[in-house]
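Asks: Residue numbers (the working numbering), protein chains in the order written: chain A, 1 to 430; chain B, 1001 to 1348; chain C, 2001 to 2138; chain D, 3001 to 3076.
Okay, handing you the structure first.
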Amino acid sequence: MKLELHRLKVNGLKLGEKTGFENGILTVNKAEILALISEDPLLGKNIDVDIAMPGESTRIMPVKDVIEPRWKISGKGQVFPGMISDVETVGEGQTLVLSGCAVLTTGKLVRFQEGIIDMSGPGADYTPYSKTCNVVLVLEPSDPNMDKHDYEKACRLAGLKTAAYLAKSCAGCAADSVEVYERPTIREAMNEFPGLPKVGYIYMLQTQGLLHDTYLYGVDVKRILPTLVSPLEVMDGAIVSGNCVSACDKNSTYSHLNNPVIADMLKRHGKDFNFVAVIVTNENVTLADKRRSSSYAAKLAAMLGLDGVVITEEGFGNPDADLIMNCRKCEQLGIKTALLTDEYAGQDGASQSLADSCPEGNACVTAGNANEVIHLPAMSKVIGYAEEANVIAGGWQGSLAEDGSITVELQAITGATSELGYTKLGAYTL
Amino acid sequence: MAYRIVHYINQFYAGIGGEEKADYQPEIREGVVGPGMALKAAFKGEAEIVATVICGDSYFASNMDEASAKILGMMKEYKPDAFIAGPAFNAGRYGTACGAMCDAVSKAFGIPVISGMYPENPGVEMYRKSAWIIETPDSAAGMRKAVPAMAKLALKLLKGESVGKPSEEGYIERGIRKNMFYEKLAAERCVDMFTAKIKGEPFETEYVMPVFDRVDPQPAVKDIKHAVIALVTSGGICPKGNPDHIEASSASKFGEYDITGVNDLTSEKYCTAHGGYDATYADQDADRVLPVDVMRDLEREGAIGKLHNKFYTTVGNGTAVANAKKFGAEIANRLVADGVTAVILTST
Amino acid sequence: MLRLITNNAGLHDSAKSSEYVDGSSLDVLICVRGLVHSGSIILTHPLCGNLRPNHQPFRSIIVDVKPGYVDLDSLSAIESAVNVYQSAEIIAPKDLDALTRADYAYIDAELMRESLGRYGLIRDERLCDAPSLRVKEV
Amino acid sequence: MVKEIERKLPVVHMCTIVPISQTVGANRIVPTIAIPHPLGDPSRTPEEEKALRRGLVERALKALQTEITEQTVFTE
């Protein structure tokens, strides 16, 4: 399987006549995008498109998802298979990537939803999406009494369609850089690098229900048994995020496309280890599903004869139980593990970070304590719905002050404690 | 203008006396007393000890609430910028008193609170989350090493400088998580750690899962007919009305109660403080958790030497993760001091 | 004998065999803990997915009541869940305005939909009504 | 707590959930009846209850008199 990522480096955004890319500037025709997304009758009349650049005094909230514009210029299938494209397997050929650019969807689904991105100020340090040139969709249901599942799906599709459209519009441009990825079949992989340990990545996806879901080729992952997926399929959008609650550690579609664990393991493949497989698994609500999926995922790793696996959790609370089950079952099968999660140690950092633990979990990296409180000064421009802050998951009554400043836990900032590790944040013990 | 420090010491370090003066009532004196001199020297004028509180270890242990309230009252007029207690090294009750006072002062005045203890001191486990505790040797011989470290940390906290890791600053790990930005992405840090673990190379986990170490079993009791057996429970059994206000879950204190002449725990006199289970059965007959009635029979029949006249109780959370480990060392010390041979510990 | 334990009135009315706890999310956990101590198996994890005790005032848990048998996995799950809730601030339903409370109740019900369906406990498919969203005035 | 006491004195841990006792480090363990009433059974008469309790306490004393090298559960 071979995939080339053709990257166009976007350094600037501007609204204009014709959507296209030139000398690092992406021009966006607002009317075209509005026309594209309002084809969906579920979206209301007052939808809008805005842009936000790094360093501006701009706040975007409540952000539901972040998507990187990609489009397959050759090879089977198309980006975001099973969502806005055919269900055909992706992951080979050539894919255009608008690097440094992102599509953000904002809008109200439930009152307590959150997801803050500040393009400047202290809040900007806590989200990778303050560094991207953002095309922001401000969405709204056509009928406020509409079933929330339908409206959630409409918002999701609007974001994906816009991202694909933006990349497609630049298909003719010459790439600034090309990355080539070549992945052997598992049979070939087993014979490569005989001296190196064979390793894998257990990729846990949040699958609890409305606003807590993830999709694989358009299938709701709570309905699958753990399975193998190629890193290259992930780069073509095989994994897509459902809209989110607790913005800090809901893996955005952007972070799936640019999964930093996969990127680092590919980089070190053939040097430190033989990176053989990626196993996706879910985090369901019932204990039976948790036991079933963790045993199944560990069995797959054992069947492949892996020596070790990196495990990333998504979310917290009952997903902590899945993380610990995956860790313990792999270690008991002789498969060494390293865990990547985040912490909920309370605003004073004195509570217990995870709701579960096991002695085998002796190698654990975290993306920080999501309860730490931060004060975000007012921004001159707000895109989306500002008054959400009062009921933000990470906030409490009165977190939105008169002057527009917000005092809130990191939990409310999009991607602040990303459990895919798409952040330099972490924690240490005083 | 020098920072204002209030220093807390016990009767021994104030030169008043040893165990025989352990019931010395709280007193505050202007200026420096005893080990305060070493602190004053270490501050080099940047801070000064405006007052020293002196209190006997026994008095504090048995009147914890009134003693700390009285001391807080005495301290108020001195308007301290920071509070230093000890160093207590490995003295159990002195360390517990230092920890309790640090906790009370930080809650009442919200100022930095520093103490110094040997890691095994029970005060460490009970109060490391509410106070900065410099790690000290296990005896006063370590004064020369402990005091400068306490002074340095105090000044750093007073100046609002950020405090580094325990190993860098010499304090005992408090178990409080603090965010920081690392050089590398969390993903890269995880793959680094993974590679080290796979290759059998050393690595340092970023988050330590709470796990339990083992202790070797004690030798068996040789002569049960002359043994003194003590009862201890984490099931929260205590006199009716819970006089010591033991909290209903993961208590921060334990109770010591005398059962001389008590042959049966009746529902009029005994109940449970524990909030972790349906209390109706224990309230009806506390013997169902703490078998005093049967132990008295065995004592009368000579099957055991003696039932110890005091029992110890706390509220332990039954989960594998959280336990009432904090008080075990202190209870064990008191039982050994009272000549107890062995212990029956009951849990719900 | 399957039973839903919940402090979410809307969900309680829509479920078969449900016990309503008129109190906070912690009260629901303590009720479930009592059942586990006297013998019950927990079918849905007692902790919420993602939302903390100081955010989500509603808690719903499905148990299989089996007097006399203490299930270790259930005991470990419920005790650590109670520990998490006791070390955090709890938000009670009455602490929120009606519309926000209704949204939280709706999400609590939605997160149980899959499990309630799996164990055949749904009487009314709507589970819990969601208040309409105020549309942005132009 | 049981572990801290074991550092200085022999201790037998009487509790209902044996795995938890093992996890917290008890070495001599006597399983008991139920969490809310470890040494009693409200469904029995007071005399039966006390006899039941006596049996369990005698087993605890036996455990204290038994030489062991590792965690041991005394079931009779």
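Note that the Cβ used here is the ideal one computed from N, Cα and C, for glycine as well.
1) Could you say which of A:T132, A:A31, A:V110, A:E22 lies nearest to A52 (chain A) if we only look at CA atoms?
2) With distances taken from CA atoms, which of B:V1292, B:V1228, B:Y1281, B:G1236 is nearest P3010 (chain D)?
3) For the stretch 3010-3036 of chain D, which segments carrying the alpha helix (DSSP H) assignment without a break, of at least 4 residues, lie completely within its bounds, in sequence order?
4) Alpha carbons only, please: which of C:C2031, C:C2128, C:L2004 is nearest the one belonging to V2063 (chain C)?
5) According to DSSP, F273 (chain A) sits in a beta bridge with which residue or residues?
6) Who pairs with G308 (chain A) in a beta bridge, going by DSSP?
7) Is there a Cβ from chain B that is less than 8 Å from the Cβ of G394 (chain A)?
8) Kindly identify the DSSP beta-bridge partner or partners of H1007 (chain B).
9) Which residues in chain D sit within 8 Å of I1331 (chain B), going by Cβ to Cβ distance?
10) When DSSP labels each residue in this structure, what does I2030 (chain C) get in the three-state scheme?
11) Consider the Cβ of V3012 (chain D): report whether some Cβ of chain B lies at a distance smaller than 8 Å.
12) Could you tell me which residues DSSP pairs with M1143 (chain B) in its beta bridges?
13) Whose C-alpha, out of A:G426, A:T185, A:M83, is nearest the C-alpha of L304 (chain A)?
14) CB P1026 (chain B) to CB A1067 (chain B), shorter than 8 Å?
15) Pull the bridge partners of P81 (chain A) from the DSSP assignment, please.
16) Verify the CB distance criterion: does H1972 (chain C) have a CB-CB separation below 8 Å to chain D?
17) Listed from N- to C-terminal order along the chain, which residues in the stretch 1228-1251 of chain B have their beta-carbon within a distance smaller than 7 Å of any beta-carbon of chain C?
18) Check each candidate in B:V1006, B:F1089, B:M1074, B:I1028 and name the one with the smallest Cα separation from E1048 (chain B).
19) Within its chain, find whatever has a CB closer than 8 Å to the CB of L2029 (chain C); leave out the 5 residues flanking it on each side and keep chain order.
20) Per the contact definition of three or more C-beta pairs closer than 8 Å, is the stretch 1194-1201 of chain B in contact with the stretch 348-361 of chain A?
21) Does S38 (chain A) get closer than 8 Å to chain B when you measure Cβ to Cβ?
22) Counting C-beta neighbours from all protein chains within 10 Å, is the total for R70 (chain A) 16 or more, i.e. buried, or is it exposed?
23) Can you give me the Cβ contacts of E360 (chain A) inside the same chain, cut-off strictly under 6 Å, excluding the 5 residues immediately before and after it?
24) Residues of the stretch 3019-3033 of chain D with a CB closer than 7 Å to any CB of chain C: list them in chain order, please.
25) With a threshold of 8 Å between beta carbons, is R111 (chain A) in contact with chain C?
26) Within the stretch 10-98 of chain A, note down every full beta strand (DSSP E) run reaching 3 residues or more, in order along the chain.
27) Identify every residue that forms a DSSP beta bridge with H443 (chain A).
28) Does DSSP put N282 (chain A) in a helix, a strand or coil?
29) Quick one: which residues of the stretch 2044-2060 of chain C get their C-beta closer than 9 Å to a C-beta of chain A? List them in chain order.
30) Among the candidates A:K14, A:G24, A:Y385, A:T423, whose CA atom is the shortest distance from the CA of T106 (chain A)?
31) Buried or exposed: where does P3046 (chain D) fall if 16 or more other Cβ atoms within 10 Å of its Cβ makes it buried?
32) Between the alpha carbons of T1272 (chain B) and G1235 (chain B), how many angstroms are there, rounded?
33) Between the stretch 115-148 of chain A and chain C, which residues of the former have a C-beta closer than 8 Å to a C-beta of the latter?
34) Using the Cα positions of Y254 (chain A) and V66 (chain A), report the straight-line distance between them to the nearest angstrom.
35) Which chain C residues are close to Y1182 (chain B), counting only those with a beta carbon under 7 Å from its beta carbon?
36) Whose C-beta lies closer than 7 Å to the C-beta of K161 (chain A) among residues of the same chain, with five residues either side of it excluded?
Replies: From the atom records:
1) A:T132
2) B:V1228
3) Segments of the alpha helix (DSSP H) lying fully in the stretch 3010-3036 of chain D: 3018-3023.
4) Considering only alpha carbons, the answer is C:L2004.
5) A:H269
6) A:V199, A:K336
7) Because the pLDDT of G394 (chain A) is 46, which lies under 50, any placement of that residue in the model is unreliable, and the number read from its coordinates should be weighed accordingly. It does not: the Cβ of G394 (chain A) has no partner Cβ on chain B nearer than 8 Å.
8) B:T1052, B:I1084
9) From the beta-carbon of I1331 (chain B), the residues of chain D found nearer than 8 Å are M3001, E3004, I3005.
10) helix
11) Any Cβ of chain B closer than 8 Å to the Cβ of V3012 (chain D) would place that residue at the interface, and such an atom is present.
12) Under DSSP, M1143 (chain B) forms no beta bridge with any residue.
13) A:T185
14) yes
15) A:S85
16) No answer is possible for residue 1972 (chain C): the residues shown for chain C start at 2001 and end at 2138.
17) Residues of the stretch 1228-1251 of chain B that bring their beta carbon within less than 7 Å of a beta carbon in chain C comprise S1249, in sequence order.
18) B:V1006
19) P2046, R2059, I2061, I2078, A2081, V2082, Y2085
20) Counting Cβ pairs under 8 Å, fewer than three are found: no touch.
21) no
22) buried
23) For E360 (chain A), the CB contacts under 6 Å within the same chain, skipping 5 residues up- and downstream, are C327, R328, E331 in chain order.
24) P3019
25) yes
26) 12-15, 20-22, 25-28, 48-52, 58-61, 63-67, 70-74
27) Because chain A is modelled from 1 through 430, residue 443 (chain A) falls outside the range shown and cannot be assessed.
28) strand
29) T2044, H2045, P2046, L2047, C2048, G2049, N2050, L2051, R2052, N2054, H2055, Q2056
30) A:Y385
31) With fewer than 16 other Cβ atoms within 10 Å, it is exposed.
32) If you take the alpha carbons of T1272 (chain B) and G1235 (chain B), they lie about 7 Å apart.
33) E140, P141, P144, N145, K148
34) Computed Cα separation, rounded: 5 Å.
35) Residues of chain C passing the Cβ test: none, with the nearest at roughly 25 Å.
36) The beta carbon of K161 (chain A) sits closer than 7 Å to the beta carbons of L36, I37, I84 from its chain, once the five residues preceding and following it are set aside; these are given in chain order.
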